[in-house]
Amino acid sequence: MTDFAATKAMFHLPEGVIYLDGNSLGPLPRAAPARMDAVMRAEWGEMLITGWNKAGWMAQPVELGDRIARLIGAEAGHVVLGDTLSIKVHQALASALEMVPDRRVILSDSGNFPSDLYMAEGLIGTLDKGLELRVVAPEEVEANITEDVAVLMITEVDYRTGRLHDMARLTRKAHEVGAITVWDLAHTAGATVVDVAGAGADFAVGCTYKYLNGGPGAPAFIYVAPRHADTARPALSGWLGHDAPFAFEQSYRAGPGIERMRVGTPPVLAMAALECALDIWDMTTMAAVRARSIDLTELFIEKIEAACPMLELASPRDPAARGSQVSFRFADGYAAIQALVARGVIGDFRAPDIMRFGFTPLYMDESDVQAAAGIIAEVMQNRLWDAPEYQTRARVT
Ligand SMILES: *Cc1c(COP(=O)(O)O)cnc(C)c1O
């Protein structure tokens with residue numbers, strides 16, 4: 407049994423705020439400022455370069471990777487942290503493509519996050535060997551896993567609607583036709599129960615600043631299935647993925663297992679904050695979080711649909727088919743979200759008309775959901791969003 411009151415107490419949430427945006431950026435773990443201060447003063451300040459060994463900085467990408475492995479159903483020793491998610495998508499995709507050199511198609515879907523599709527386009531341009539990015543509707547993915555597909559590159563949970571793909575089923579189908587899979591877990595890790603090992607995923611990538619609460623700019627992670635770990639060629643062949651980085655050899659030799667997916671110097675300060683978030687994750691299991699997330703999203707949908715007929719549910723109604731977010735369509739969604747933020751309910755807007763709300767049991771309970779639903783009802787029923795100050799779009803939406 408998880409003590410969710412205890413996990414909630416470990417986060418700082420500003421006074422008067424109900425935070426339904428942990429799917430974009432998780433809140434601050436209370437322990438993080440002191441930990442950052444200690445790492446800066448006692449480690450960076452006093453140890454200087456010896457911190458790489460003395461404070462264990464160099465081992466952290468794999469050590470923290472192991473703590474994330476537990477949350478995504480990965481085998482220990484097969485997840486490593488580093489870079490940003492876009493970079494990890496590029497790395498996984500490039501490595502995967504090399505495993506099927508005679509095929510030309512990267513299959514993805516229109517529910518994927520643009521950066522993943524952009525990275526695929528960029529890689530296709532760089533490789534210049536006639537590769538094709540085939541983007542189909544999310545419901546059409548399975549039917550399009552055909553013998554010409556080299557790599558199936560899918561984000562498991564749709565960032566707009568929360569629709570959940572069946573990872574095990576699509577991976578099985580991909581393997582049946584000889585394709586390699588790259589799964590993006592950006593809206594999965596810390597949100598739903600996922601079993602990358604059980605599903606047979608070849609590569610998986612994700613970020614740590616959304617549901618995992620690692621902080622802005624926290625590093626991404628990459629998983630490589632054990633059967634590929636010593637053969638996958640890391641497309642980004644940086645020195646810290648080398649078998650002997652400090653031998654400073656002239657030519658690249660990939661390191662053992664997941665270590666080869668490292669690229670350059672790890673973000674030590676960012677990892678210090680992430681470590682505080684992972685301490686809180688150690689207090690629970692994904693099964694407990696998922697069960698509570700379903701309770702919270704079901705309650706939210708019930709309350710909003712009862713009070714706000716102008717909002718159209720954009721997320722799957724079946725909780726088993728959605729992640730840990732609930733989205734509604736509304737033509738003036740941007741202004742509506744601004745009006746909610748002004749009243750302390752923080753959700754976000756995704757073009758063209760999606761109002762998106764993330765549910766994060768580690769620091770949110772039924773009373774928060776009830777209060778948020780009450781404020782949303784007030785804003786929607788009284789058209790409080792229809793004011794000039796809510797219409798201008800900021801740089802980050
Ligand atoms: C959030 C997100 C990203 C963001 O990538 P960064 O490089 O970390 O900015 C990429 N892909 C998906 C699917 C995401 O949800």
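For the sequence shown, position 319 matches number 725 in this note's numbering, and the numbering has no gaps at all. Backbone N, C-alpha and C define an ideal beta-carbon position, used for all residues, glycine too.
- Per the C-alpha coordinates, the member of G451, R540, S501, M453 positioned closest to M667 is S501.
- Taking all protein chains shown into account, H418 has fewer than 16 neighbouring C-beta atoms within 10 Å of its C-beta and is therefore exposed.
- At least one heavy atom of ligand 1 lies less than 7 Å from the C-beta of T490.
- The alpha-carbon of I781 is positioned some 11 Å away from that of N788.
- Boundaries of the alpha helix (DSSP H) around S492: 491–505.
- From the listed residues L684, L491, A585, the smallest Cα separation to Q466 is found for L684.
- At least one heavy atom of ligand 1 falls within 7 Å of the beta-carbon of T561.
- In this structure the stretch 515–527 does not touch the stretch 677–696; the number of beta carbon pairs closer than 8 Å is below three.
- In this structure, S733 sits away from M716, with a CB-CB distance that is not shorter than 8 Å.
- In chain order, Y769 place their CB closer than 6 Å to the CB of K414, counting only its own chain and leaving out the 5 sequence neighbours on each side.
- Shortest Cα-Cα distance from G621 to any of P758, L646, L705, A678 involves A678.
- The stretch 438–454 makes no contact with the stretch 552–571, as fewer than three CB pairs between them are under 8 Å.
- For D774, the enclosing alpha helix (DSSP H) starts and ends at 772–787.
- Proximity of the beta carbon of S514 to ligand 1 is not indicated: no heavy atom of the ligand is located closer than 7 Å.
- I707 sits buried, since 16 or more C-beta atoms from the chains shown fall within 10 Å of its C-beta.
- In this structure, V468 lies away from I628, with their beta-carbon atoms at least 8 Å apart.
- Nearest C-alpha to R575 among L558, T567, D564, Y565: L558.
- Counting only residues of its own chain and dropping the five nearest sequence neighbours on each side, M453 has a CB closer than 8 Å to the CB of K460, A461.
- Rounded to whole angstroms, the gap between the alpha carbons of G428 and R659 is 40 Å.
- Check the Cα spacing between T532 and each of Y740, V541, D554, L503: the tightest is with L503.
- Close CB contacts of M692 within its chain, under the 6 Å cut and outside five residues either way in sequence, are with L477, V599 (chain order).
- DSSP, reduced to helix, strand and coil, places D443 within a helical segment of the structure shown.
- In this structure, F755 lies near Y740, with their beta-carbon atoms less than 8 Å apart.
- Taking the Cβ of H593 as the reference point, at least one heavy atom of ligand 1 falls within a distance shorter than 7 Å.
- Leaving aside the five residues that flank M689 on each side, the residues in its chain whose CB is nearer than 6 Å to its CB run, in chain order, T413.
- In this structure, ligand 1 has no non-hydrogen atom nearer than 7 Å to the beta-carbon of F627.
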